[in-house]
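A quick write-up on the structure given underneath.
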Amino acid sequence: MTPKNKMRGRILVTGGAGFIGSHLTDRLKEIGNEVVVFDNLCSGNIEFIQHHLEKPNFTFIKGDLLNKDDIEAACNDIDFVYHVAANPDVRLSAVDTQVHLEQNIIATYNLLEAMRKKNVYNIVFTSTSTVYGEASTIPTPEDYGPLIPISLYGASKLACEALITSYSHSFDIRSWIFRFANIIGSRSTHGIIVDFIGKLKDDPNHLEILGDGCQSKSYLHVTDCVDAILFAVSHSNDAVNIFNIGSEDTITSTKIGEIVVEEMGLEDVRFSYTGGQRGWKGDVPRMLLSIEKMKLLGWEPSYTSEKSVLETASTLIKSSS
Ligand code: NAD
Numbered sequence: 043m044t045p046k047n048k049m050r051g052r053i054l055v056t057g058g059a060g061f062i063g064s065h066l067t068d069r070l071k072e073i074g075n076e077v078v079v080f081d082n083l084c085s086g087n088i089e090f091i092q093h094h095l096e097k098p099n100f101t102f103i104k105g106d107l108l109n110k111d112d113i114e115a116a117c118n119d120i121d122f123v124y125h126v127a128a129n130p131d132v133r134l135s136a137v138d139t140q141v142h143l144e145q146n147i148i149a150t151y152n153l154l155e156a157m158r159k160k161n162v163y164n165i166v167f168t169s170t171s172t173v174y175g176e177a178s179t180i181p182t183p184e185d186y187g188p189l190i191p192i193s194l195y196g197a198s199k200l201a202c203e204a205l206i207t208s209y210s211h212s213f214d215i216r217s218w219i220f221r222f223a224n225i226i227g228s229r230s231t232h233g234i235i236v237d238f239i240g241k242l243k244d245d246p247n248h249l250e251i252l253g254d255g256c257q258s259k260s261y262l263h264v265t266d267c268v269d270a271i272l273f274a275v276s277h278s279n280d281a282v283n284i285f286n287i288g289s290e291d292t293i294t295s296t297k298i299g300e301i302v303v304e305e306m307g308l309e310d311v312r313f314s315y316t317g318g319q320r321g322w323k324g325d326v327p328r329m330l331l332s333i334e335k336m337k338l339l340g341w342e343p344s345y346t347s348e349k350s351v352l353e354t355a356s357t358l359i360k361s362s363s
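This is the structure in structure tokens:
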């Protein structure tokens, strides 16, 4: 059944050893939950949750969502699932047509089936702005439609949303679906800032930027993201709850490049562009989510896109030097 206090109980975090999942795990432990992290460590890192391993009421299960026995066993006596595990690499969509089908859609189906069999009645799902495709309304609200994703990643996340909402209605599973803007912060292992730092380490005189550099998107710091998730879960209780989570402004790829260059203490770096509006096939060049629904609930971001980028660049540069 739905636990009375949704912030407490025995919580399963799939993908809890990844970037966002490990920050979520930190917060869930901080507020006194028993947490079970389920992760196959394909892109996660055990070091991100090392500090919890010896703690009471913490369990790490190295398991794969594609293995039905693994996930079914992990769902024993669970009150609440935060389903964070996925392959989050949008760019892969253009070169591998199978990965998001398996790692996102089949993996989510296996989890929902395990929940149904083990009587777990609450799920949080980490979805994405890419389900909107190239929205003509910006900032894009949750009820925007039709939803026409332009990457297989976006399509897979939309399919996961549909599976979750139908399981909610068919099997009394309460769900929270969060459509994220770009989330950044310490422990980021992928995305534009990680990419730029890597390129500038290889060649401190030159930065290649994908597309024309004018792509303009919303970025949010991971601490705000985790705050928003926990806030919405404790303040909403419909059968299906869908929220956008992002900052209220955007930043361009070129500006991010300038910030990374400055934070690395480099000078006279030449920028070159691969050209075109998009960084890659399936890239949405302009993205800003309406967060009015979250604001009406009482949550607001504390970071702007620029502040999130500055803080992340500085942290990642320090931790990689
Ligand atoms: P991440 O790669 O750091 O985390 C994903 C985690 O899932 C990793 O620890 C990985 O090992 C685990 N995992 C993957 N496949 C698995 C499987 N089959 N079985 C068990 N574990 C598995 O990525 P992230 O950036 O932290 O993203 C977390 C979630 O948020 C994803 O669902 C992603 O789609 C979503 N999201 C992220 C962003 C972003 O900007 N980072 C934006 C929108 C949505």
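Note that the sequence shown covers residues 43 to 363 in my numbering. Glycine included, each C-beta is placed from N, C-alpha and C at the ideal position. Note that the coordinates shown come from a computational prediction; the quantities given were computed from them, not determined experimentally.
Would the beta-carbon of residue i fall within 8 Å of that of residue j?
i      : j      : result
Cys202 : Asn146 : yes
Ile234 : Ser295 : yes
Gly288 : Phe220 : no
Val236 : Ser230 : yes
His94  : Lys110 : no
Thr168 : His232 : no
Here's a check: name, in chain order, each residue in its chain whose Cβ is nearer than 6 Å to the Cβ of residue i, leaving out the five neighbours to either side.
i      : result
Thr101 : Val78
Pro246 : Leu308
Val303 : Val311
Leu134 : Val141
Glu76  : Arg52, Asn99
Ile103 : Phe80, Ala116
Cys256 : Thr294
Gly324 : Ser135, Ala136, Ile192, Ser193
Asp291 : Thr346, Ser347
Arg158 : Phe213
Lys360 : none
Ala326 : Reading off the sequence, residue 326 comes out as Val, not Ala. So the list reads Glu176, once near-sequence residues are dropped.
Ile284 : Glu184, Ile219
Assign residue i to one of two classes, buried (16 or more other C-beta atoms within 10 Å of its C-beta) or exposed (fewer than that).
i      : result
Glu309 : exposed
Ser358 : The question names Ser, but residue 358 in the sequence shown is Leu. With 16 or more Cβ atoms within 10 Å of its Cβ, Leu358 is classed as buried.
Ile190 : exposed
Asn129 : buried
Ile293 : buried
Ala156 : buried
Glu305 : buried
Ser178 : exposed
Ser210 : buried
Leu66  : buried
Phe61  : buried
Ala270 : buried
Ala127 : buried
Met64  : At residue 64 the sequence reads Ser, which differs from the Met that was named. Burial call: buried.
Lys365 : Any answer about residue 365 is impossible in this case: the structure gives the chain only from 43 up to 363.
Leu54  : buried
Ser198 : buried
Gly105 : buried
Gly299 : buried
Could you tell me the distance, in whole angstroms, from the CA atom of residue i to the CA atom of residue j?
i      : j      : result
Ser314 : Leu352 : 22 Å
Lys97  : Ser356 : 30 Å
Asn286 : Tyr174 : 11 Å
Lys335 : Asp244 : 43 Å
Gly253 : Gln319 : 5 Å
Asp185 : His248 : 42 Å
Trp218 : Val282 : 6 Å
Leu107 : Thr265 : 26 Å
Leu262 : Glu114 : 33 Å
Asp112 : Ala204 : 24 Å
Gly57  : Glu342 : 26 Å
Thr207 : Gly187 : 17 Å
Ile73  : Leu200 : 31 Å
Thr139 : Gly317 : 25 Å
Lys160 : Arg216 : 15 Å
Lys337 : Asn279 : 16 Å
Lys46  : Lys297 : Note that Lys46 has pLDDT 45, beneath the 50 cutoff, so the model's placement of it is unreliable and no number is given.
Considering only residues of the same chain and omitting the five flanking positions on each side of residue i, which have a CB-CB separation below 8 Å?
i      : result
Gly340 : Phe273, His277
Ile301 : Glu348, Val351, Leu352, Ala355
Ser362 : Ile239, Lys243
Met43  : Bear in mind that the predicted position of Met43 carries a pLDDT of just 40, short of 50, making it too unreliable to give a figure here.
Can you list, in chain order, the residues of its chain with a C-beta nearer than 7 Å to that of residue i? Leave out the 5 residues immediately preceding and following it.
i      : result
Arg69  : Val268, Leu272
Pro181 : Leu330, Leu331, Ser332
Ala59  : Val79, Asp81, Leu83, Gly86, Asn87, Ile88, Phe90, Ile91
Gly196 : Thr170, Thr172, Val173, Gly175
Val132 : Thr172, Ser193, Tyr195, Gly324
Trp322 : Arg133, Ala136, Leu252
Ser344 : Asp266
Val241 : Note that residue 241 is Lys in the sequence shown here, rather than Val. Within the same chain, Lys241 has close Cβ partners Leu249, Glu250.
Tell me whether residue i, by its Cβ, gets closer than 7 Å to a heavy atom of ligand 3.
i     : result
Asp81 : Here the bound small molecules are ligand 1; ligand 3 is not part of this structure.
Handout entry: Three-pair Cβ contact test at 8 Å for the region 162-169 versus the region 110-124
Key = Short answer: they touch.
Exercise for the section: Check whether the region 88-95 touches the region 135-151, counting contact only when three or more Cβ pairs, one atom from each stretch, lie closer than 8 Å. Expected result: Because the criterion of three Cβ pairs below 8 Å is not met, the region 88-95 and the region 135-151 do not touch.
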